[in-house]
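To get the working numbering, take the position in the sequence shown, counting from 1, and add 1.
Heads up, the beta-carbon is just placed ideally off N, CA and C, and yes, glycines get one too.
Following: one structure in structure tokens, then a few remarks.
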Amino acid sequence: MSTRVRGILGVMSLRRKLVLSIVLLFILVTIATGVMTVLVTQQTLSDQLDRRVTQTVNRATDDGVRGPGRGEGRAAPGPGIGGDFLYLDMRGGLPDRFVAFTTDNKRIDDSTASIATINALLAANLSDRPSTVNLGDQLGSYRLIRTDRSGGTVISGLPMKPVEDTLNGIVVVTATGATLGILVLAGGAAWLIRASLRPLERVASIAGRVSRTPLASGAVQIPERVAARDTDTRTEVGQVGAALNELLDHVDSSLRARHRSETQLRQFVADASHELRTPLASIRGYAELSRRETDPVPEGISHALTRIDSESERMAHLVEDLLLLARLDAGRELAHEPVDLTMLVIDAVSDAHAAGPDHTWQLDLPEEAVETVGDSARLTQVVVNLLANARTHTPAGTTVVARVRAEGGHAVLTVTDDGPGIPEELLPRIFTRFARGDEARARVAANGTPTPSTGLGLSIVDAVVAAHRGSVDVQSRSGRTVFTVRLPLA
């Protein structure tokens, strides 16, 4: 099978493939049956004709022949010998008498027979076994036999036209019947296959609707099930329907279990984060109080107190981030008020410049304000986290550009830096929680240690933007990283 044929069959529906296969099989069987019928009929009729030819020559040579104008007292054989026939008597050494009847019972004798016909008979390589010879348009093909008798040779035969007419009739009837049969079979097969595949179409419809159901997160239920009439396991389609129902039951129970687990985890994170705020504040307070002591403190203890204070502050930020994510995951309502994204970016870049003076900070803002609707505090955190990400993960001297535009019904914020870029393997999971890049984008502080990062900043960006029905994506290569946030315009 050629590649083109396989390609055509590959895009056909199952219904068309089945109908086409049945029709082609019927055509092949009909052709084979027709050919066998014609061959067997031809052989049978030829055998019958050969027997009649043999009988004809025997009777013709046994009877006397008396032709018109002949005085030998021999009568020419006529149609009574066996129907239309041909007779050539050469018992005198030369053609003595020629008689032929055409298939329409028109007699041709030596007075009207052409010399060419007699010459064709004489030139034919005839024997005592019947053979077929074409004697021209007037006589057509004859089944002839040559008999050598005392005194000469007699050639006798019968026309092939009745056999040919019978075979042609069989071919016409077979072709007509096959054509009608193909039409009836194609229509019947199409109807039967359509009816047989209708349950499969219903099962496929159920599977299609389920496949379009968002299952990524949240409380998800799958109410769709295959109807009982399509789950009869005694049929192949019923087995598929029953198996699909079992699969949907398993998926539904798994989704409920996942939702319970996620709910419990969010509650645990929220509770733990809330409870950790107080002890962390106490740790920072005692560390700060110890550092204010007027009595001399050994250098090692002073350094330890400084580290306790910085790490407790980092821990406090981590707890606050986890608590915020837990609240966003739980679907806590955010404020809905007009927010001037332009002013928000100006303030955030000003703060970033103060926090990272070794970076170059630039603004690209439109002349008119770009507003969206949402929670001003959370959107501020989005911009601050994006700028902090650029400051934390790029070396000193990096240029960071914050740009705001109104495009296609969206407020678009981009933060671009010319740092080393994000590793390609990290890009697909850059917004997942606790995702961190390698050391290439980690900024080194003045004391030689990397600037700490919780790994939750971009996760918060993604969660807050999603809560505002927006989107965030990133494109990065060496020397250019662009974070793009799209929010609905006010």
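In this structure, the alpha-carbon of R434 lies about 15 angstroms from that of L387. Sixteen is the threshold: since fewer than 16 other Cβ atoms of the shown chains lie within 10 Å of the Cβ of W192, the residue is exposed. Between the alpha carbons of R470 and P367 lies a distance of about 23 angstroms. S142 sits close to N135, with the two beta carbons spaced by under 8 angstroms.
The alpha-carbon separation between I284 and E369 amounts to approximately 47 angstroms.
Closest option to V402, judged by alpha-carbon separation, among S351, T175 and L488: S351. For V483 against T417, the beta-carbon gap comes to about 5 angstroms, under 8 angstroms, which counts as contact.
Using a C-beta cut-off of 8 angstroms, the segment 17–25 makes contact with the segment 176–192, since at least three inter-stretch Cβ pairs fall below that distance. Distances from the alpha-carbon of L249 to those of V174, L319 and L216 put L216 closest.
V385 and V346 do not touch by the CB rule: their CB atoms are close to 10 angstroms apart, not below 8 angstroms.
If you compare the alpha carbons of A179, V155, R144 and L329 with that of V164, the shortest gap goes to R144.
In this structure, the CA atom of S477 is about 48 angstroms from the CA atom of A243.
Between V211 and E225, the gap from beta carbon to beta carbon is short of 8 angstroms. The Cβ atoms of L490 and H411 sit closer than 8 angstroms to each other.
According to the DSSP secondary-structure assignment, Q476 is paired through a beta bridge with V483. Between G420 and T395, the CB-CB gap stays under 8 angstroms.
Contact holds between the segment 30–45 and the segment 165–179, because three or more Cβ pairs, one in each stretch, are under 8 angstroms apart. Secondary structure of T415 (DSSP, three-state): strand.
Among the bridge pairs identified by DSSP, G188 is matched with none. In this model, E426 and R230 are separated by some 49 angstroms (Cα to Cα).
Annotation for R259: the continuous alpha helix (DSSP H) segment containing it runs E237 to R292. For S132, the pairing in a beta bridge is given by DSSP as L145. Selection A389, D341 and E338 evaluated against A355 yields A389 as nearest (Cα-Cα). Spatial neighbours of L256 in its own chain (CB-CB distance under 8 angstroms, excluding positions within 5 residues in sequence) are listed in chain order as L216, V221, Q222 and I223. DSSP places E312 inside the alpha helix (DSSP H), whose first and last residues are E300 to D330. Residue range T400 to E408 is occupied by the beta strand (DSSP E) that includes A403. Secondary structure remark: continuous beta strand (DSSP E) runs of at least 3 residues inside the segment 333–378, in chain order: 338–341, 361–365 and 372–375. Between the beta-carbon of V462 and that of V383 there is about 5 angstroms, and that keeps the pair under the 8 angstroms contact cut.
For a cut-off of 8 angstroms, the C-beta gap from V320 to L342 is around 28 angstroms, too long to register as a contact.
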